[in-house]
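Structure first, commentary second.
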Amino acid sequence: MTNSEIGKKLEVSRVLVFRTAQRYRRLGTSDDMQRRGSQVTVTTPEAVKAVREKIRRTPGRSMRKMSKEYEMSRESMRTIVKDKLKMIPYREQGGQNHWIIATDYQSACEKEKILNKTSHPASVMVFAGITADGKTPLIFVDPEVKGVALSQFSLRKLTMDLPAKRRPRSSCQRDSRVVSRQFSEFISAADWPASSPDLNPMDYAVWIYLTEKVSSKNYPSIKALKTALIKKWDEIDDDYLRAVIDAYPKRLKAVIKAKGGRFENYF
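To convert, take the position in the sequence shown, counting from 1, and add 405; that gives the numbering used here.
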């Protein structure tokens, strides 16, 4: 029987039949030859499946503990996690040596709050305005826009977003010339209180509130961060804004009592 006939009968290639016959004539057996290196005895498909299920149920499980649990070396567990499952450990924010195992950064962020992988995470520049009964939309500004162009862009956009009856009749300006013309006794910049941000409702009430709402998790992209900011900004209701504005005179009295110094103790 020829090699082709044997191959057709066994439904294998003619080349495989030829090589098997050659090896049999050379070695006297058709068994597999002894291979070099250690045999795969730990990172089996069953072990890979078990580790995958363990990570799915408990993504915060460390590879060191899993290697002890499955009675294998750390190197073998690292091979399963990184090479077989294509997963990466991400360090959890606020946790002492606590890691989350996931396929990518976004998946890790969805499970826990993860430390940023860079010491200079991306950020956004935002402008907005409030009144006692409303607020402007959030305005995201390109970080490359600076100086006069920045102020002209942000102020013009803010005022155009206000209802017509609230828009200032004068043009937006970067300096205080409008204030100087209308209010001759207005406080100069040199006389501003030492903690002037504490007199700005956007600083002490709005931005802090918004930051607390969105900083409870990490975001995989600038787009995701902007979406979260807009969502939380829209959730700020008029009752909160009204309370912020109504409390403002109390702050003014406190800073006057402190003679322009720090006035936290006067609340």
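Where is the CB? At the ideal position from N, CA and C, for every residue including glycine.
Identity of the residue in the options nearest residue i by Cα
i: Ser528; options: Leu432, Pro602, Pro625; result: Pro625
i: Tyr653; options: Glu617, Pro450, Phe423, Val611; result: Val611
i: Glu476; options: Ala452, Thr463, Val486; result: Ala452
i: Ala595; options: Thr541, Glu640, Gly665, Ala648; result: Gly665
i: Trp597; options: Ile635, Lys487, Ile661; result: Ile661
i: Pro450; options: Lys618, Gln587, Ala648, Ile485; result: Ile485
Chain-order list of residues whose beta-carbon lies under 6 angstroms from that of residue i (same chain, five-residue window excluded)
i: Trp638; result: Leu543
i: Val422; result: Asn408, Ile411, Gly412
i: Lys636; result: none
For residue i, three-class secondary structure by DSSP
i: Val546; result: strand
i: Pro412; result: Looking at the sequence shown, residue 412 is not Pro but Gly. The answer is helix: DSSP assigns Gly412 an H, G or I state.
i: Thr484; result: helix
i: Pro602; result: helix
i: Phe532; result: strand
i: Ile493; result: strand
i: Lys664; result: coil
i: Val553; result: Unreliable placement is indicated for Val553, whose pLDDT of 47 sits below 50; no coordinate value is reported for it.
7 angstroms CB neighbourhood of residue i in its chain, flanking five on each side removed
i: Lys459; result: Arg466, Met471
i: Lys631; result: Val529, Phe545
i: Tyr609; result: Pro602, Asp603
i: Arg479; result: Met468, Arg469, Ser472
i: Ser474; result: Correcting the residue identity first, residue 474 is Glu in this sequence and not Ser. There are no such residues.
i: Arg483; result: Met468
i: Ile613; result: none
Whether residue i touches residue j by CB criterion (9 angstroms)
i: Thr448; j: Ser481; result: yes
i: Ile650; j: Ala537; result: yes
i: Leu657; j: Leu604; result: yes
i: Pro606; j: Ile535; result: yes
i: Glu539; j: Asp644; result: Looking at the sequence itself, residue 539 is Gly, so the reference to Glu does not match. No, the Cβ-Cβ distance between Gly539 and Asp644 is not below 9 angstroms.
i: Val531; j: Leu634; result: yes
i: Glu640; j: Lys622; result: no
i: Leu490; j: Arg462; result: no
Residue i beta carbon near the ligand FAD (any heavy atom closer than 8 angstroms)
i: Ser589; result: You won't find the ligand FAD in this model; it holds no ligand whatsoever.
Residue i at chain D interface by Cβ criterion, 9 angstroms
i: Pro654; result: No chain D is present in this structure, which holds just one protein chain.
Cβ shell of residue i (< 8 angstroms), same chain only, five flanking positions each side left out
i: Gln427; result: none
- Item | Length at least 4, wholly inside the region 616-654: the alpha helix (DSSP H) runs in chain order | 627-640, 643-651
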